[in-house]
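Asks:
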Amino acid sequence: MTTNDVVVRTEHLTKHYGKLVAVNDLNLEVHRGQVFGFLGPNGAGKSTTMSMMLGLIAPTSGNIEVFGLSVKNNLADILGKTGAVMESPGFYPYLSGWDNLKVFASISRQGTDDRIKEVLKLIDLADRAQDKFSGYSQGMKQRLAIACALLHDPEFIIFDEPTNGLDPAGMKEIRELMIKLGQEGKTIFLNSHLLHEVEQVCNHVAIIKKGKVIASGAPNDLIKHGDTVQIRVTDIDKAVALLNEEDWVSSITREGDLLILKAPAEKRTDISALLAKNGVFVSEMKARNESLESIFLELTEEETVD
Amino acid sequence: MIIVLAAFFCLIFFAVYGITASPPERMPHEGLETMRNLITFPDAFKMIFSTAQNIGAILLTIIVASSVGNEYGWGTIRQTLIRKGIRYQYVASKLVAFIVYALIVIAFIIGFCLALLTTQWINGALNWDFMTVSYVGELFTMYGWTFYGLLVYILLAILLSLVGRSAIVGIGGTLGYYFVESIAISIFNQSGGWLAEIPNYLIGHNIAAILPTTMMQGPFASSGALPSTLYASITLAIYCVVFLGLSLYLFKSRDVTT
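Protein sequences, first through last, are from chains U and W. Residues in the first sequence are numbered from 300 upward in steps of one, following the numbering used here. Residues in the second sequence are numbered from 3 upward in steps of one, following the numbering used here.
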């Protein structure tokens, strides 16, 4: 991976609001062509991080670069190649969808009438383009925001909860659009609380908690990283005591007469060997299929307990 | 809002015209003449500029503060800034728009057309003899000072809307200052001593000082001794620079959040 491949790089990025630390020493890299999922519970610092990428919020300390340029000194150049769909899209309520797009196209001097028609068609809003924004449903407002973000055909697109307010069919269309944009070589940064959405759309994920990245990687790698196995044993208390001694067992929980272990997949034979050596026999051992959602909940809850 | 201001102009002109067209029986002839002059050229210009300065300042405050503050309420400020990151351009473009809006559209065109209309009604024909070179110069002076007086309130409304990130703060703050100041100036002027010096540093008192005596000054008419035009111009310029500087600084340095 060369420097040119990095679209976003944050180094020790920190944002304080008084005593509240919204983003804490965040180090992040988003590479060209990635569809990057940014996950975290409410208040984790996701929107603050996105706003810092767009120059809306100034970091307290640390650096943030987009396309290798400092956001602080080269914002206009960066925004010329960046589109963003922010949560709660803002448009002039007394103007039509078309006129709103004209206004924002003229502000950045990017986006012709033909391009406006093209993006309205792309997000299926062409028929209602002449209606006033105030009369739009939440889903239509969200579509207009996406159209606005795509007006200047940006290389890097930030989506903040883009399927908010959309019906299932609309959600599917937007997800397909994000996948298509990713396939076209655009770099996508997706903030969504819909974990299955991130799992479907993204090829790289970072999980953030209290302003810090706590896990990052391809969704499949993250799921593998959290290898979980369920076992049924002859003496459950003794098995717990024995497995607790092993540092490669990261967690043990009981579900009835089952033990749920988190341990690397290559250690599964060691589990049965260890237990058998101490007179505890395994009658059942099964790998548990996990989703990104379970990994997310596990990681964020662990942090909470700490 | 332009319709409201146009309505004010219409109301004033047509009310005065109505009185002059069918005056009350006991109305003295001099009074009737004065009223006629108000809505016919050349004196109609004074009415136009005076109305623009007084009612215009109030309505412009509402327009300016709404235009800036609503950008926060609607979220369009973020939509704008994520397309064009240069913040001072945003404030500058708003300011230019307000100045053009205030002076060219409102004060001049509407007032001019109405005055033209009523002049023709009353006199039957339009006589341009009064339009000498010196009178044109006087008109430009009135125009310039009207602009200058309005500019201070436009900048104050922009600053307060940005400070409060809301139209309400801009409108309430500017109009509150506008009315409270006029009361305070009267009190200070009557108090004497060092208190009587305070109005020399206030906006309204200095606007009263720059407005030509030929203009009707309305609420800006000050009971105390006015400072010189030069002093008032400099004082108002300082206010303009401070308001604009603070607006730019705040808008550039503060975070834009939801």
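Even for Gly, the Cβ is constructed at its ideal location relative to N, Cα and C.
For the region 169-243 of chain W, which segments carrying the alpha helix (DSSP H) assignment without a break, of at least 4 residues, lie completely within its bounds, in sequence order?
Replies: As far as the region 169-243 of chain W is concerned, its whole alpha helix (DSSP H) runs of at least 4 residues are 169-193, 205-212.
Asks: Quick one: what does DSSP say THR603(U) is sitting in, helix, strand or coil?
Replies: Any reading at THR603(U) needs caution, since the residue's pLDDT is 38, under 50, leaving its predicted position unreliable; the model's value is listed next. Reduced to three states, the DSSP call for THR603(U) is helix.
Asks: Is it the case that the Cβ atoms of ASN323(U) and THR313(U) are separated by a distance below 8 angstroms?
Replies: Against a cut-off of 8 angstroms, the Cβ pair of THR313(U) and ASN323(U) comes out as a contact.
Asks: What residues are listed by DSSP as bridge partners for SER550(U)?
Replies: LYS561(U).
Asks: From the beta carbon of THR309(U), is the nearest beta carbon of chain W less than 8 angstroms away?
Replies: Cβ-Cβ to chain W under 8 angstroms: no for THR309(U).
Asks: Have a look at ASP605(U) and ALA239(W) and give me their C-alpha separation to the nearest angstrom.
Replies: Here the model assigns ASP605(U) a pLDDT of 32, short of 50, so the residue's position is not dependable, and the following value carries that caveat. Distance between the alpha carbons of ASP605(U) and ALA239(W) is about 59 angstroms.
Asks: For chain W, check one thing: does any of its Cβ atoms lie closer than 8 angstroms to the Cβ of PHE488(U)?
Replies: Closer than 8 angstroms: no.
Asks: If you measure from the beta carbon of GLY389(U) to each beta carbon in chain W, is any gap under 8 angstroms?
Replies: With 8 angstroms as the cut-off, GLY389(U) counts as an interface residue toward chain W.
Asks: Just mark VAL182(W) as buried or exposed, buried being the case when its beta carbon has 16 or more other beta carbons within 10 Å.
Replies: By the 10 Å Cβ count, VAL182(W) comes out exposed.
Asks: Do VAL528(U) and ALA448(U) count as a contact pair if the criterion is CB distance below 8 angstroms?
Replies: Contact flag unset, no.
Asks: Using a Cβ cut-off of 8 angstroms (strictly closer), state whether GLY77(W) contacts chain U.
Replies: Yes - at least one Cβ of chain U is within 8 angstroms of the one on GLY77(W).
Asks: Quick test of your reading: SER188(W) and ILE212(W), contact by CB under 8 angstroms. State the CB separation rounded to the nearest angstrom.
Replies: The pair is not a contact, with the Cβ atoms about 19 angstroms apart (cut-off 8 angstroms).
Asks: Taking 8 angstroms as the CB-CB limit, is LEU83(W) close to chain B?
Replies: Given the protein chain composition of this structure (U and W), no chain B is represented.
Asks: Which first and last residues belong to the alpha helix (DSSP H) in which LEU355(U) is found?
Replies: Here LEU355(U) belongs to no alpha helix (DSSP H), and DSSP marks it neither H nor E.
Asks: Residues of chain U with CB closer than 8 angstroms to the CB of VAL258(W), please, in chain order.
Replies: Simply SER350, LEU355, ILE356.
Asks: What residue range is occupied by the uninterrupted alpha helix (DSSP H) comprising ASN56(W)?
Replies: First-last of the alpha helix (DSSP H) with ASN56(W): 46-76.
Asks: Buried or exposed: where does GLU565(U) fall if 16 or more other Cβ atoms within 10 Å of its Cβ makes it buried?
Replies: By the neighbour-count rule (16 or more Cβ atoms within 10 Å), GLU565(U) is not buried but exposed.
Asks: Taking only beta-carbon positions, decide if ILE185(W) is within less than 8 angstroms of chain U.
Replies: Taking Cβ atoms only, chain U never reaches closer than 8 angstroms to ILE185(W), which makes this a no.
Asks: Considering only their Cβ atoms, is the gap separating SER163(W) from VAL171(W) smaller than 8 angstroms?
Replies: Against a cut-off of 8 angstroms, the Cβ pair of SER163(W) and VAL171(W) comes out as a contact.
Asks: So is VAL93(W) buried or exposed if we call it buried at 16+ other beta carbons inside 10 Å?
Replies: The residue is buried, with at least 16 neighbouring Cβ atoms inside 10 Å.
Asks: List, in chain order, every chain U residue whose beta-carbon is nearer than 8 angstroms to that of LYS86(W).
Replies: Within chain U, the residues near LYS86(W) are ALA375, LEU378, ILE406, SER407.
Asks: Can you name, in chain order, every residue of its own chain whose Cβ lies under 8 angstroms from the Cβ of LYS508(U), other than the five neighbours on each side?
Replies: These residues qualify, in order along the chain: GLY339, PRO340, ALA343, LEU598, THR599, GLU602.
Asks: Using 10 angstroms around the beta-carbon of ARG408(U), count the other beta-carbons present and answer buried if the total reaches 16, otherwise exposed.
Replies: Exposed: under 16 other Cβ atoms inside 10 Å.
Asks: Can you tell me the Cα-Cα spacing of LEU360(U) and HIS315(U), whole angstroms?
Replies: Note that residue 360(U) is Ser in the sequence shown here, rather than Leu. Each residue's alpha carbon lies about 9 angstroms from the other.
Asks: With respect to the beta strand (DSSP E) encompassing ILE507(U), which residues constitute its N-terminal and C-terminal limits?
Replies: That run of the beta strand (DSSP E) goes 503-508.
Asks: Quick check: the Cα distance between THR53(W) and LEU61(W), rounded to an integer number of angstroms?
Replies: Cα-Cα distance, rounded: 11 angstroms.
Asks: For THR42(W), I'd like the list of residues in its chain whose CB is within less than 6 angstroms of its CB, leaving aside the five on either flank, ordered along the chain.
Replies: Excluding residues within five positions, the ones whose Cβ falls inside 6 angstroms are THR121, ILE124.
Asks: Check the Cβ-Cβ distances between MET385(U) and every residue of chain W, and say whether any is below 8 angstroms.
Replies: Closer than 8 angstroms: yes.
Asks: Terminal residues of the continuous beta strand (DSSP E) containing THR486(U)?
Replies: Taken as a continuous stretch (DSSP letters only), the beta strand (DSSP E) holding THR486(U) covers 486-490.
Asks: With DSSP run on the structure shown, which of helix, strand or coil describes SER369(U)?
Replies: Reduced to three states, the DSSP call for SER369(U) is strand.
Asks: For the beta strand (DSSP E) that contains GLN529(U), what are its first and last residues?
Replies: Taken as a continuous stretch (DSSP letters only), the beta strand (DSSP E) holding GLN529(U) covers 527-532.
Asks: Name, please, each residue of chain W whose Cβ falls closer than 8 angstroms to the Cβ of PRO461(U).
Replies: Correct list: empty, because the minimum Cβ distance to chain W is about 15 angstroms.
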